[in-house]
Each structure stands twice: as structure tokens, then as C-alpha cells.
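Data first, discussion second: the structure below is written as C-alpha cells.
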Amino acid sequence: KNEVEQSPQNLTAQEGEFITINCSYSVGISALHWLQQHPGGGIVSLFMLSSGKKKHGRLIATINIQEKHSSLHITASHPRDSAVYICASETSGSRLTFGEGTQLTVNP
Amino acid sequence: DTAVSQTPKYLVTQMGNDKSIKCEQNLGHDTMYWYKQDSKKFLKIMFSYNNKELIINETVPNRFSPKSPDKAHLNLHINSLELGDSAVYFCATGGYTGELFFGEGSRLTVL
Numbered sequence: 647k648n649e650v651e652q653s654p655q656n657l658t659a660q661e662g663e664f665i666t667i668n669c670s671y672s673v674g675i676s677a678l679h680w681l682q683q684h685p686g687g688g689i690v691s692l693f694m695l696s697s698g699k700k701k702h703g704r705l706i707a708t709i710n711i712q713e714k715h716s717s718l719h720i721t722a723s724h725p726r727d728s729a730v731y732i733c734a735s736e737t738s739g740s741r742l743t744f745g746e747g748t749q750l751t752v753n754p
Numbered sequence: 007d008t009a010v011s012q013t014p015k016y017l018v019t020q021m022g023n024d025k026s027i028k029c030e031q032n033l034g035h036d037t038m039y040w041y042k043q044d045s046k047k048f049l050k051i052m053f054s055y056n057n058k059e060l061i062i063n064e065t066v067p068n069r070f071s072p073k074s075p076d077k078a079h080l081n082l083h084i085n086s087l088e089l090g091d092s093a094v095y096f097c098a099t100g101g102y103t104g105e106l107f108f109g110e111g112s113r114l115t116v117l
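As given, the protein sequences belong to chains A and B, one line each in that order. The opening residue of the first sequence carries number 647 in this note's numbering; numbering runs sequentially from there. The opening residue of the second sequence carries number 7 in this note's numbering; numbering runs sequentially from there.
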């Protein structure tokens, strides 16, 4: 059974700080997704990774397939980055297993 | 134009009632999903459909019956609602190594 663990569960940062959220999974996967959920509730896809690294603006996602580990980095964090960040592993048949989420609060 | 639209956004009902949530996607994807998010914000897959065919049924009580009339629609019908069914239900499409697109969620409250 695939387990997905995220850390930390809660993270508070000051504006401008570099942030890292970690995600570990237990079985071989076809892809790893990073999602963002704002207080309003909508869920937005940030990245889909199967290897290496992706960058979008101030967000960077990396994955190490051998170590079954992925990280989401936010550079120059801003209060509008405050949200819940969720990683999800995708296995065969498009089955997604979600981590419990990381609540990020960025203070001005 | 919203990629994945769910209705209704809010649903308040009494225990024992039957209710439905509708979902439509205009992205042309073959796969659609229903996820449940509990009070602790944990997301869990309920069902996955590929081109109208059930692919995943994740040990959901049979009071929950998904229906996919065509690959753009995946509706969720719930019979005999229980207190524990209170949650936010998200419809989504994509995956299979492509980006995921979620609906805005339907908050169900069972009194």
C-alpha cells in the first residue's frame, strides 16, 4: 500500500524567506503532483513531476525517484503564498494517494 | 469558462435524505474522479472513471453511486445520508501523468 508523508504539517515564515516542504512516498510511482489549496477551498495543480526538477516563477519542485522523495521550494515567500500545499503520488490506473498537507502561513 | 464545474457548491440536508452532486469537465479528458476531503482537510479518492467506465472504487459504501452518462460528466448520488458523510467533495479530471484539474468543491453538511 502506498503511503505519502509530508513534512512539516505546519510552517510559519516571514515574508521573503525561502521555504521547503518535503514529501516521501513508499512505492514506485508514475508521477508526483504538488497541489495548492487556498482558504477559499479551491485546489490548484502546481506541478506534475516524474523526474528531475521543474520551476514556475518562485516555485521549484524536485523529485528523487531512487529515494522516493520530493520537495517543493518557494523562494522570496509572500503572504499570498499562504495556503495548504498537498503532495499526491500517482500510481497505475491514475490512482492518487495524498499527503496530509502542509499549512503554510507567510507573515508580512 | 470553468474547466471543471460542480453543482451545487453548498448542500445542507437531513440524515436519511438522498442527494446528488453534478460534475462536468470541458477539457476533453477521458478520466474523471471524485475525492472526499474530511474535516482535517485530508483528501481521499472515492471513484475514478475512464471514458464512462468505472476504474477505481475505493471501498466506498454502496450508498454512494457514481454515474457517468458521457466522458464529460461524472455525477455522484448519495442515498440515506449519514452524519459522517459531511465533507467537501471534489470532482477532478486529468492525471495519468498529466496535470490535474479540480472543481471548486461541494460542501455537504448532514444534520
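Glycine is no exception: its CB is placed at the ideal position from the N, C-alpha and C atoms. It should be emphasised that the depicted structure is a prediction, and the values quoted were computed from it without experimental measurement.
- Within chain A, 683, 730, 732, 746, 747, 749 have C-beta atoms less than 9 Å from the C-beta of residue 47(B), given in sequence order.
- In the three-state reduction of the DSSP assignment, residue 740(A) falls in the helix class, which pools H, G and I.
- When DSSP states are grouped into helix, strand and coil, residue 100(B) belongs to the strand group.
- Closer than 8 Å at the C-beta level to chain A, one finds these residues of the segment 50-72 of chain B: 50, 51, 54, 56, 61, 62.
- Non-local beta-carbon contacts of residue 675(A) in its own chain, meaning distances under 7 Å to residues more than five positions away in sequence, involve 735, 736, 737 in chain order.
- Residue burial annotation: residue 662(A) is exposed, with fewer than 16 other C-beta atoms found within 10 angstroms of its C-beta.
- Residue 28(B) places its beta carbon less than 8 Å from that of residue 12(B).
- The beta carbon of residue 33(B) sits closer than 8 Å to those of 9, 10, 99, 100, 107, all from its chain and outside the five residues before and after it, given in chain order.
- Annotation: the continuous beta strand (DSSP E) that includes residue 113(B) extends over 112-116.
- Within chain A, the residues placing a beta-carbon under 8 Å from that of residue 37(B) are 740, ordered along the chain.
- Under the Cβ distance rule, residue 111(B) counts among the residues neighbouring chain A, one pair being separated by less than 8 Å.
- The residue from 686(A), 688(A), 690(A), 649(A) with its alpha-carbon nearest to that of residue 671(A) is 649(A).
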